[in-house]
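Structure representation (structure tokens):
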């Protein structure tokens, strides 16, 4: 047992509790402590990534209960990657929030850290019911974060978001119950052992349970019939929150990858590759829908929210190929899209702050104070998101295109992805040229000046597009190894044989 | 017993879904509550229905599975917190929009008036 596995859970938990107790302390102190917590989390996830990079599984059983009876945390390459990605994103979002967002509410830092807590539990857990609990933790924190800020425009999208997710939680419990009633276990490794042995009469129940699970994760990931809540919810959130939420849909993606390669993977007997036939067409439809939404967007924020949906469609289409190369390419694209979309949310917020009443609407307005810097940041983000060379989006999409083998799947994926990227590019260039090039005379009365933290935060996330290209070799080696580990799920089952620790630590 | 139990779950879930689709915040919240009752009963039944069984192995011939009971307890606690939150949110929405329709107003084509000038961070 390696106690470091609990660090990404304990750090934000304790940090969040501390924030509640120092809620009335001076704001510089609260900010310093909160940011220090996020930095500490970042350091711990770097350590865990180095630990996971040897390709073995590390298990932490709570209360020293041997699996499958106790709740376990499992660290593998995929978990470590998700943790590090989230921690880097969270650091920049937190830095950005310190500028202004955290002044409006005393609970902001606590909620922010609890959000990270929920995300980290979801990425580390090796138990299906614990995954449900993690979802609830991150959801209740996200409900609070979504309501940050003043004004009345957030209440309706928040209500929709909360009600939808509560209905989703009910479905999650139903599917967990169905799986448990047949297999008698909720430990993911144990489920992977039991599901192939299910008798023929119980098979429909497990199949139904598995597919309901796909619906639940699809709702979190915002795939096509379940994605319409997203633009309004994300569009009305404050910028650092919307940017952090860029990782929320990726939790759904992570859960789909984890559950449907491990429990319903190739070794699942009669239920092998359950849901895979659905995933690919639905993902392509999601991608197409996202592009349509992006073209029709009337303000920059809505444009970026549809980019979130485009991303999830692209990710799941690559995973839906059901191959190791596809998953590896998806993971490479995941890093790119999460950071870039979040960076764009932050850049758009800075743009909106300097355009007065025009805010982020795609209309002509007086020139911005820091037009050069903001336009360069927006352009870099747009290039990386649309997938033009030389930034990371291009390489990520290239990897996805290369992962296909000739056949109808290839024709569909190449067609939708390339045409989709082209129209995304049109959407970005139209928005960018109106906002940055066509300006009217006059000046904005209340133009917000850029401060160092916000510039660093927005610039840092967008600059990730360059960093990913520079580190493309190590990153692609890592994601290849991750995909290999995922598809060799027999290895995961060894976590069941984790011995109980006898004696002292 | 199984039939009555199953009918109860069915009735609760059906009423919950019906109320959830009513598009007014109060019925929606009641619907969510009924749905969670149905789900909790369903979850409880996944350990098989046993009367008079102890949740301890080896002490009697008929034992009841303790794990679903623990799961239900967790689900109830979480459901309680979520319901409390959604009630507060619905009250806030009522105060903001003076209407308990979930979209803010009835037969509204636009959920979010894009021209509303309350943009802020």
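Residue numbers (the working numbering), protein chains in the order written: chain A, 1 to 505; chain B, 1001 to 1121.
Here a beta-carbon is modelled for each residue, glycine too, at the ideal position from N, C-alpha and C.
Whole-angstrom distance between residue 1023(B) and residue 1102(B), CA atom to CA atom: 5 Å
Residue 1080(B) at chain A interface by Cβ criterion, 7 Å: no
Uninterrupted alpha helix (DSSP H) stretches inside the stretch 50-111 of chain A (no shorter than 4 residues): 77-97
Nearest-angstrom Cβ-Cβ length linking residue 316(A) and residue 403(A), presumed shorter than 8 Å: Their Cβ separation, rounded to whole angstroms, is 13 Å, which puts residue 316(A) and residue 403(A) out of contact at 8 Å.
Pick from 125(A), 469(A), 42(A) and 113(A) that is closest to residue 79(A), judged by C-alpha positions: 125(A)
Nearest candidate by alpha-carbon position, reference residue 182(A), set 1043(B), 1079(B) and 1058(B): 1043(B)
Continuous alpha helix (DSSP H) stretch holding residue 236(A): start and end: 230-236
Proximity below 7 Å, CB of residue 1093(B) to CB of residue 95(A): no
Cross-chain neighbours of residue 1032(B) in chain A, by beta carbon under 9 Å: 163, 166, 167 and 170
Under 8 Å by beta carbon: chain A residues contacting residue 1099(B): Residues of chain A passing the Cβ test: none, with the nearest at roughly 10 Å.
Nearest residue (CA-CA) to residue 301(A), options 330(A), 351(A) and 311(A): 351(A)
Residue 265(A) to residue 179(A) span [Cα, whole Å]: 16 Å
Member of 455(A), 84(A), 2(A) and 421(A) whose CA lies at the smallest distance from the CA of residue 372(A): 455(A)
Whole-number beta carbon distance between residue 269(A) and residue 196(A), since they are thought to touch under 8 Å: 3 Å
Residue environment, residue 502(A), which counts as buried when at least 16 other CB atoms sit within 10 Å: exposed
Cβ-Cβ distance between residue 468(A) and residue 392(A) below 7 Å: yes
Beta-carbon spacing of residue 271(A), residue 117(A) below 7 Å: no
Residue(s) in a DSSP beta bridge with residue 1101(B): 1024(B)
Cβ-based burial, residue 136(A) [other Cβ within 10 Å; buried from 16]: buried
Interface residues of chain A facing residue 1061(B) [CB-CB closer than 7 Å]: The premise fails here: residue 1061(B) is roughly 18 Å from chain A at the closest Cβ pair, so nothing lies under 7 Å.
DSSP bridge partner residues for residue 457(A) (one or two, in chain order): None; residue 457(A) has no bridge partner.
Span separating the alpha-carbon of residue 976(B) from that of residue 291(A): With chain B covering only 1001 through 1121, there is no way to say anything about residue 976(B).
Buried or exposed by the 16-neighbour rule on C-beta atoms within 10 Å, applied to residue 277(A): exposed
Within the stretch 276-340 of chain A, ranges of the alpha helix (DSSP H) (whole runs, at least 4 residues): 276-296 and 300-320
Three CB pairs or more closer than 8 Å across the stretch 279-299 of chain A and the stretch 307-316 of chain A: yes
Residue 360(A) - DSSP class collapsed to helix/strand/coil: coil
Alpha-carbon spacing of residue 193(A) relative to residue 493(A), whole angstroms: 7 Å
Nearest candidate by alpha-carbon position, reference residue 225(A), set 233(A), 232(A), 234(A) and 215(A): 215(A)
For residue 495(A), the three-state DSSP class (helix, strand or coil): helix
Cβ-based neighbour list, residue 127(A), same chain, cut-off 8 Å, excluding 5 preceding and 5 following: 71, 72, 186, 187 and 188
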